[in-house]
Amino acid sequence: MDLTSHLTSSALALTAALALVGSTGCTSTCTYVVPAASPPAAKPLVAAAAQQGPAPTPAPTPAPHVPLPGLPTPPGAANVPRPSGAPGNLEVLDWAGFKSAVSYTFDDGQPSQIEHYAELQATGVRLTFFVNSASVTWETDFVSTFSQAVRDGHEIGNHTAHHCHADPDGTLHGTDPRTACPGASAGAELDDCTAFIKSTLGASQVWTAASPFGDRGFDAAVGERFFLNRSATGGTVAPNDDTDPFHLPMWGPAANDTVEKFNAAVDRSRTAGRWVIMLLHSIAPTTSPWYATVDISAITGSIAHAKSLADVWIDSMANVGAYWRGQKMLASVTPTTSGNPQTSTWTWTLPAHFPSGKHLRVKVDGGTLSQRGRALDWDSHGYYEITLDAGSLTLSP
Ligand SMILES: [Zn+2]
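397 is the number that our numbering gives the last residue of the sequence shown; the numbers go up by one with no jumps.
In structure tokens form, the structure reads like this:
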């Protein structure tokens with residue numbers, strides 16, 4: 001993609017955004033305050049039910065469901081016998097047993113994404129929305145839409161409060177000609193946005209970020225707060241490669257690209273066995289075509305295409321990225337051995353700010369795999385599923 005035009009167009013969009021912010025009473029020197037808002041309905045209901053026991057009020061059921069948390073069922077028949085050879089050759093399946101992976105990420109919490117949320121939700125796949133918290137002061141239906149996205153199981157990631165630039169040394173500024181950024185620092189920009197996502201949108205945690213404009217100046221502050229950050233640089237990710245987890249590459253369409261372009265990006269990453277992170281901005285039809293506007297049919301059609309391939313893992317950036325980083329982490333561990341016949345034990349510490357409750361799928365030639373003193377079950381799709389929270393794994397004869 002043409003980075004210059006990206007920056008220029010994004011700058012124009014930001015200028016328009018800030019102009020709107022100004023029109024609602026916020027000046028370039030104002031301090032962003034998380035507004036008082038009603039908490040999302042789902043959480044209090046669950047909490048009340050847990051405390052009171054009987055007769056909980058059922059929460060409204062969104063339809064269709066996005067998948068439950070956890071890894072999806074991989075392709076292929078469930079007829080793989082448990083390996084019965086000699087213990088050894090621990091191997092992590094790439095992409096949870098799928099051929100490739102794709103994440104659909106949407107930046108800026110744009111009005112056109114709010115307008116098309118129902119169609120995105122109807123795809124039934126888990127999406128990632130990188131929002132700017134300060135947009136709540138002037139965007140219509142911002143809180144209602146993205147708190148619904150939280151309840152629907154989508155990931156809300158951090159795109160900072162005000163979408164400022166950050167120089168390589170972390171100095172913040174607005175668009176050219178340089179204007180002041182309302183935020184105090186890169187860290188404060190990220191922390192304000194995280195506070196908003198948790199307290200106002202109702203997310204339990206924020207795991208990932210995307211740097212505005214892909215500016216490298218956010219990377220250091222992001223690394224102190226999250227386990228992944230997406231850039232605006234083109235590219236894809238391979239299992240066990242040396243991609244910077246705080247500058248993940250992306251594929252983004254040009255304005256008016258149709259489904260064929262999207263499908264080609266999915267197909268290329270599938271052929272190569274890689275993870276493609278789609279970076280999407282404005283969705284047509286809309287009266288707010290901020291940047292790289294594509295028709296909703298290109299996005300939903302691409303998701304339908306990826307689903308039809310059956311061996312493409314479609315999931316949020318946090319979920320696919322946790323698998324990718326978890327696989328790399330385990331590959332870096334040298335097991336300790338003891339006894340004859342030999343028992344091997346892998347012990348690890350998860351990367352900083354890594355989500356809890358994540359898993360890897362592994363194979364061995366034979367033997368018994370255990371965690372926390374319990375033998376793991378063999379899944380007849382062809383793997384054992386290990387929990388990364390356990391911190392260790394044992395292979396015994
Ligand atoms: Zn952005």
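C-beta: ideal position from N, C-alpha, C; glycine also. For clarity, every value in this text was computed on a predicted model and none was experimentally measured.
Nearest neighbour of residue i, chosen from the options [CA to CA]
i           : options            : result
residue 80  : 382, 209, 394      : 382
residue 96  : 108, 104, 74, 343  : 74
residue 90  : 352, 343, 100      : 343
residue 83  : 390, 378, 386      : 378
residue 222 : 265, 278, 246, 259 : 246
residue 337 : 123, 328, 347, 331 : 347
residue 189 : 106, 208, 160, 128 : 160
residue 360 : 352, 366, 371      : 371
residue 242 : 69, 329, 99, 72    : 329
residue 115 : 143, 333, 100, 134 : 143
residue 169 : 136, 351, 191, 218 : 218
residue 353 : 326, 340, 181      : 326
residue 98  : 388, 373, 387, 269 : 269
residue 309 : 256, 100, 261      : 100
residue 212 : 179, 235, 130      : 130
residue 76  : 390, 275, 380      : 380
residue 286 : 135, 256, 178, 274 : 256
residue 72  : 124, 107, 106, 149 : 124
residue 215 : 203, 233, 201      : 233
For residue i, the three-state DSSP class (helix, strand or coil)
i           : result
residue 22  : Residue confidence is low: residue 22 scores 32 on pLDDT, short of 50, so the model does not pin down where it sits. Its coordinate-derived value is still stated next. Here residue 22 sits in helix by DSSP.
residue 139 : coil
residue 259 : helix
residue 285 : coil
residue 224 : coil
residue 398 : Any property of residue 398 remains undetermined from this structure, which presents the chain solely from 1 to 397.
residue 229 : strand
residue 249 : strand
residue 182 : coil
residue 359 : strand
residue 388 : helix
residue 346 : strand
residue 242 : coil
residue 365 : coil
residue 396 : strand
residue 295 : strand
residue 214 : helix
residue 290 : coil
residue 152 : coil
residue 353 : coil
residue 66  : coil
residue 125 : coil
residue 88  : coil
residue 79  : coil
residue 200 : coil
Same chain, Cβ closer than 8 Å to residue i, five either side skipped, listed in chain order
i           : result
residue 284 : 112, 293, 294, 295, 296
residue 248 : 228, 229, 230, 231, 237, 277, 317, 321
residue 333 : 346, 347, 348
residue 181 : 162, 164, 165, 172, 173, 174, 189
residue 331 : 92, 240
residue 355 : 205, 207, 227, 318, 322
Contact set for residue i: own chain, Cβ-Cβ below 6 Å, skip 5 residues either direction
i           : result
residue 369 : 376, 384, 395
residue 306 : 102, 266, 312, 314
residue 87  : 366, 367, 395, 397
residue 258 : 298
residue 205 : none
residue 145 : 114, 117
residue 393 : 346, 371, 386
residue 225 : 190
residue 193 : 133, 158, 160, 161
Identity of the residues DSSP links to residue i by a beta bridge
i           : result
residue 100 : 312
residue 95  : According to DSSP, which records beta bridges pairwise, residue 95 is partnered with nothing at all.
residue 107 : 130
residue 340 : In the DSSP output, where bridge partners are listed per residue, residue 340 has none listed.
residue 158 : 131, 209
residue 172 : 166
residue 145 : For residue 145, which the question treats as bridged, DSSP gives no partner whatsoever.
residue 275 : 101, 237
residue 383 : 379
residue 280 : 106
Cβ shell of residue i (< 7 Å), same chain only, five flanking positions each side left out
i           : result
residue 153 : 66, 126
residue 110 : 281, 282, 288, 290
residue 364 : 83, 87, 88, 89, 90, 395
residue 351 : 227, 325, 329
residue 263 : 302, 305
residue 186 : 166, 170, 172, 217, 218, 221
residue 335 : 344, 345, 346
residue 388 : 326, 350, 358, 359, 360
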